[in-house]
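Engineer: Input: one structure, supplied below.
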Amino acid sequence: MNYTQELYLCALKPKGSFGLSDNIYALLSLSGILELLEGGFLIKDEKNRLSAKNNLGSDLPYLKSLYENIISCKKPTKIETIVSEYNDGFGKHVNAFLQDIGDSLAEQNAVSVETSKKIFGGTKNKYLPVQSSVTNVIEKIRAEILEDGTMSEETVVLAILLQQANIIKDFFSKVESSKLKKRVEELRQSETYKEIAKVIEYIESLLALVVLLPMLTSTTNSN
């Protein structure tokens, strides 16, 4: 699993829903965008506007609908504009994105799937987290960050996303959460982990957009 899939898995409640106050849809879209940038499928300019760089093909199938939504824009589009489309958790593009990730996790037996009929026809899948898969993700974070193991960039990114989603407290004690926050700050200042420090700064600059989303939406509606 990549960190967008892991974020989705950890954010799922036992009955297959997401919390209402953790910005999870915005964070998932930001996470997916970051993966697409890292993979060389998207490129961003100095104004944080996204455009296609390479065809996604069969790579990262769980990000297919997100990628196609971004490249369907007639001109390069700002990251915050894309994220705002996903922030409320509604719409065909949001449903397709969530289903893509859910299906990819089902293929790995990380979730179980419950299918139900929609009121106006068709079916809907609900993805229920497999606890052992969630535990594996959390133990990876614990081993790499809290227990001074070998840290990967992906695990650090995931830990930051979980912190921003207010999910970290569901899996770590108050003492562990405090240690995790301190560890991330140490990484930021570390000469040894310069590349990870750059990623932390970049992630946080993207996550700052999440904070602005309610204000941006409010301003748009008032106009």
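Here the sequence shown is numbered in the working numbering, starting from 1004 and rising by one per residue. Ideal placement from N, C-alpha and C gives every residue a C-beta, glycine not left out. Keep in mind the model is a prediction, meaning the values are calculated, not measured.
Verify whether the separation of the beta carbon atoms of residue 1030 and residue 1164 is less than 8 Å.
Structural biologist: Taking the first residue of the sequence shown as 1, we reach residue 1030 at position 27. Taking the first residue of the sequence shown as 1, we reach residue 1164 at position 161. Yes.
Engineer: Taking only runs of the beta strand (DSSP E) that begin and end inside the segment 1028-1079, which ones reach a length of at least 3 residues, in chain order?
Structural biologist: For the segment 1028-1079, whole beta strand (DSSP E) runs of length 3 or above, ordered along the chain, are 1045-1047 and 1052-1055.
Engineer: Near residue 1015, what residues of its chain come up, given a Cβ to Cβ distance below 6 Å and the 5 sequence neighbours on each side ignored?
Structural biologist: Counting from one through the sequence shown, the residue named residue 1015 turns up at place 12. Counting only Cβ-Cβ distances below 6 Å, and skipping sequence neighbours, we find 1132.
Engineer: In chain order, what residues of the same chain have a beta carbon less than 8 Å from the beta carbon of residue 1145, not counting five sequence neighbours either side?
Structural biologist: Along the sequence shown, read from residue 1 onward, the residue named residue 1145 stands at position 142. These residues qualify, in order along the chain: 1175 and 1179.
Engineer: Check whether the Cβ atoms of residue 1148 and residue 1138 sit closer than 8 Å, and answer yes or no.
Structural biologist: Residue 1148 sits at position 145 when you count from the first residue of the sequence shown. Residue 1138 sits at position 135 when you count from the first residue of the sequence shown. The answer is no: Cβ separation not under 8 Å.
Engineer: Would you kindly work out how many angstroms separate the C-alpha atoms of residue 976 and residue 1125, rounded to a whole number?
Structural biologist: One cannot answer for residue 976 here, as it falls past the ends of the chain, which runs 1004 to 1226.
Engineer: Fully enclosed by the segment 1086-1143, which beta strand (DSSP E) runs are 3 residues long or longer?
Structural biologist: Segments of the beta strand (DSSP E) lying fully in the segment 1086-1143: 1114-1120 and 1126-1132.
Engineer: Any idea if residue 1043 is buried or exposed, counting beta-carbon neighbours within 10 angstroms, 16 or more meaning buried?
Structural biologist: Numbered from its first residue, the sequence shown carries residue 1043 at position 40. Per the 10 Å Cβ criterion, exposed.
Engineer: Let me check one thing: in DSSP terms, what residues is residue 1081 bridge-paired to?
Structural biologist: For the purposes of this step, residue 1081 is taken as the residue at position 78 of the sequence shown. Per DSSP, 1052.
Engineer: Since I believe residue 1006 is in contact with residue 1210 (beta carbons under 8 Å), could you give me their beta-carbon distance rounded to a whole number of angstroms?
Structural biologist: Translated into the one-based positions of the sequence shown, residue 1210 becomes position 207. Translated into the one-based positions of the sequence shown, residue 1006 becomes position 3. Incorrect: roughly 14 Å between the Cβ atoms, too far for contact.
Engineer: Inspect the CB distances between the segment 1082-1094 and the segment 1113-1124 and report whether three or more fall short of 8 Å.
Structural biologist: Contact fails: fewer than three Cβ-Cβ distances are below 8 Å.
Engineer: Pull up the distance between the alpha-carbon of residue 1168 and that of residue 1111, whole angstroms please.
Structural biologist: The residue labelled residue 1168 in the question sits at position 165 within the sequence shown. The residue labelled residue 1111 in the question sits at position 108 within the sequence shown. In a straight line, the C-alpha of residue 1168 is about 24 Å away from that of residue 1111.
Engineer: Work out the CA separation of residue 1194 and residue 1053 for me, nearest whole Å.
Structural biologist: Numbered from 1 along the sequence shown, position 50 holds the residue referred to as residue 1053. Numbered from 1 along the sequence shown, position 191 holds the residue referred to as residue 1194. The straight-line gap from Cα to Cα measures roughly 31 Å.
Engineer: Taking the straight line between their C-alpha atoms, what separation do you get for residue 1056 and residue 1038?
Structural biologist: Here residue 1056 is taken as the residue at index 53 of the sequence shown, counted from 1. Here residue 1038 is taken as the residue at index 35 of the sequence shown, counted from 1. Cα-Cα distance, rounded: 13 Å.
Engineer: Check whether the Cβ atoms of residue 1101 and residue 1008 sit closer than 8 Å, and answer yes or no.
Structural biologist: In the sequence shown, counting from the first residue as 1, residue 1101 sits at position 98. In the sequence shown, counting from the first residue as 1, residue 1008 sits at position 5. Cβ distance not < 8 Å, so residue 1101 and residue 1008 don't count as in contact.
Engineer: Where residue 1064 and residue 1019 are concerned, what is the direct C-alpha to C-alpha distance, given to the nearest angstrom?
Structural biologist: The residue you call residue 1064 lines up with position 61 of the sequence shown. The residue you call residue 1019 lines up with position 16 of the sequence shown. Distance between the alpha carbons of residue 1064 and residue 1019 is about 21 Å.
Engineer: Taking the CB atoms as reference points, tell me whether residue 1085 and residue 1032 lie closer together than 8 Å.
Structural biologist: For this step, residue 1085 is matched to residue 82 along the sequence shown. For this step, residue 1032 is matched to residue 29 along the sequence shown. Yes, the pair counts as a contact, with Cβ atoms nearer than the cut-off.
Engineer: For a test of the three-state rule: what should DSSP assign to residue 1173, helix, strand or coil?
Structural biologist: Within the sequence shown, the letter at position 170 stands for residue 1173. Reduced to three states, the DSSP call for residue 1173 is helix.
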